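These notes are about the structure you will find just below.
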Amino acid sequence: MKKILLVRWGGLGDLLVALPAIRLVRSGFPSAAITLVCRREYGSLLLQAKTVDELVGQDDSRVLSLFSEAAPAGDKRAAWLEGFDLVVTWLNQAKGGVPGASGGGTEGGGRHLAICYDARGREAISLFFFQKTREAVGWEKPPGADFQECARLPLSTMTDDPGLPFPRRPGRSRPLIVIHPGSGGEKKRWPLENFLEIAGRLRERNADGVFVTGEAEAALDRRVEAAARSIGWLWLQSPALGSLAKLLADADLYLGNDSGVTHLAAACGARVLALFRNDLVDIWRPFGESHFLSADFVDLIGLECVWSAAAELLCN
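Converting from the sequence shown to the numbering used here requires adding 87 to each position, the first position being numbered 1.
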């Protein structure tokens with residue numbers, strides 16, 4: 088196996104639930120050149136971690152011609168594919184036009200596998216992708232790596248951000264908290280005022296902290312910035328993902344919603360307290376040292392319940 092093409096659509100969380108399967112392929116074919124199709128800004132994490140060797144943006148013309156439902160057969164498609172010995176696509180649901188979606192095949196010279204999630208079993212999507220990839224490739228056991236190991240993002244090759252004013256954990260006298268109060272969907276967000284209340288209580292316990300927001304939370308920025316200033320915490324707006332990964336790995340506690348950053352925190356080995364809707368927690372939960380509180384609606388998760396869980400995790 089010399090060249091492998093991996094494909095994963097979607098946001099940061101979508102990519103990271105496929106991380107165990109991607110690292111499984113890397114472990115099974117350590118000498119292969121692996122190309123990953125995804126959003127470049129997210130795939131850069133896996134490139135820095137040396138989990139993949141090349142990135143192709145999901146809006147690349149070769150990808151659009153390959154995975155369009157009306158993709159015409161022709162030299163451009165065949166020329167790009169014929170050099171790959173294996174193509175694996177992970178999908179949240181079955182999608183027309185994807186090579187291998189009917190169970191595999193050989194188009195353009197290589198084997199094509201589409202791993203389509205089956206929500207009927209309510210299995211965690213990351214574990215489903217991992218197990219089905221192992222079965223599809225024909226490994227009875229993971230080749231040299233188990234699921235939990237593959238769910239971790241290697242960080243040793245990522246560069247530190249010298250602008251972050253916190254010492255490493257061995258030299259730190261106060262706990263470091265990272266809070267990400269946003270999510271791609273508003274219905275997944277615990278009320279901002281609750282996050283700010285938790286942050287204030289943690290500061291009263293002499294915790295240092297960082298609020299992290301991105302483009303999806305632009306409407307929250309003014310309130311988050313004011314809260315951070317009032318308690319002496321740092322506010323990071325859309326930080327580089329490599330720097331954020333290093334920060335999360337060094338945090339004593341991460342608190343957030345069902346979001347891509349929460350999946351990143353878990354993949355970096357952080358102690359995670361995540362707030363989910365009941366209908367999503369089983370499927371979209373991250374692994375690692377992750378703890379969950381859930382309700383039918385996220386805003387029904389009680390403030391005191393979250394505070395008790397956060398305080399207990401810090402004590403332990």
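From the three backbone atoms N, C-alpha and C, an ideal C-beta is built for every residue, glycine too. Quick caveat, the model's predicted, so the values are computed rather than measured.
Identified DSSP bridge partners for residue i
i      : result
TRP177 : ARG95, ILE202
TYR341 : VAL265, VAL359
SER377 : VAL359
ALA120 : LYS90
TRP322 : PHE298
ALA382 : ARG364
GLY144 : CYS125
When the options are compared against residue i, the one with the closest alpha-carbon
i      : options                        : result
VAL124 : PRO117, PHE116, GLY115, LEU178 : LEU178
ARG290 : ASP308, HIS267, LEU263         : LEU263
VAL385 : CYS237, LEU367, GLU376         : LEU367
VAL139 : SER148, ALA105, LEU168         : ALA105
THR176 : TRP96, ALA201, GLY375          : ALA201
ARG239 : VAL297, GLY356, ALA211, PHE298 : GLY356
LEU92  : VAL112, LEU102, LEU103, ARG127 : VAL112
ARG358 : CYS402, PHE116, SER325, GLY389 : CYS402
LEU168 : HIS199, GLN180, ASP147         : HIS199
GLN180 : SER131, ASP101, GLU128, LEU132 : ASP101
TRP430 : ARG288, VAL348, GLU302         : Any answer about residue 430 is impossible in this case: the structure gives the chain only from 88 up to 403.
CYS237 : SER213, THR246, GLU222, LEU99  : SER213
GLU376 : ASN365, THR349, ASP383         : THR349
ALA85  : TRP277, ARG259, GLY225         : For the chain, the structure presents residues 88 to 403; residue 85 sits outside this window and is missing.
PHE234 : PHE217, VAL224, ALA223, ALA166 : PHE217
ASP369 : SER148, ALA206, ALA166         : ALA206
Contact belief for residue i with residue j at Cβ below 8 Å, rounded distance in angstroms
i      : j      : result
THR244 : ALA136 : 6 Å
PRO373 : ALA397 : Going by Cβ atoms, the distance from PRO373 to ALA397 rounds to 17 Å, so no, they are not a contact pair.
SER346 : GLY271 : 7 Å
LEU342 : HIS378 : Between HIS378 and LEU342 the Cβ distance is about 10 Å, and since that is not below 8 Å, they are no contact.
ARG261 : ASN293 : 5 Å
Close beta carbons around residue i, own chain, < 8 Å, minus the five adjacent residues each side
i      : result
VAL150 : VAL94, VAL124, VAL143, GLY144
ALA232 : ARG110, LEU111, SER114
THR122 : LYS90, ILE91, LEU92, LEU93, VAL139, ASP140, GLU141, LEU142, VAL143, PHE171
LEU50  : Coverage of the chain is limited to positions 88 through 403, which leaves residue 50 absent and any answer about it impossible.
PRO241 : ALA136, LYS137, THR138
ALA336 : LEU242, CYS355, GLY356, ALA357
GLU302 : SER325
Own chain residues within Cβ distance below 6 Å of residue i, not counting five before or after
i      : result
PHE215 : TYR204
GLU304 : GLY269
LEU134 : LEU142
TYR129 : LEU99, LEU102
ASP146 : none
ALA223 : LEU200
SER148 : none
GLU273 : none
Check whether residue i and residue j have beta carbons under 9 Å apart
i      : j      : result
LEU360 : ALA332 : no
VAL174 : GLY197 : yes
VAL265 : ALA338 : yes
ILE318 : VAL393 : no
LEU283 : ALA314 : yes
LEU380 : PHE363 : yes
ALA211 : TRP371 : yes
GLY97  : ARG126 : yes
LEU427 : ASN281 : Outside the displayed range of the chain (88 to 403) lies residue 427, so it cannot be described from this structure.
THR246 : SER131 : no
LYS275 : ASN365 : no
Own chain, CB closer than 7 Å to residue i, minus 5 neighbours either side, in chain order
i      : result
LYS89  : ALA119, ALA120, ASP172
GLN324 : THR300, ASP308
TRP322 : PHE298, VAL311, GLU312, ALA315
PHE116 : MET88, ILE91
TRP226 : GLY115
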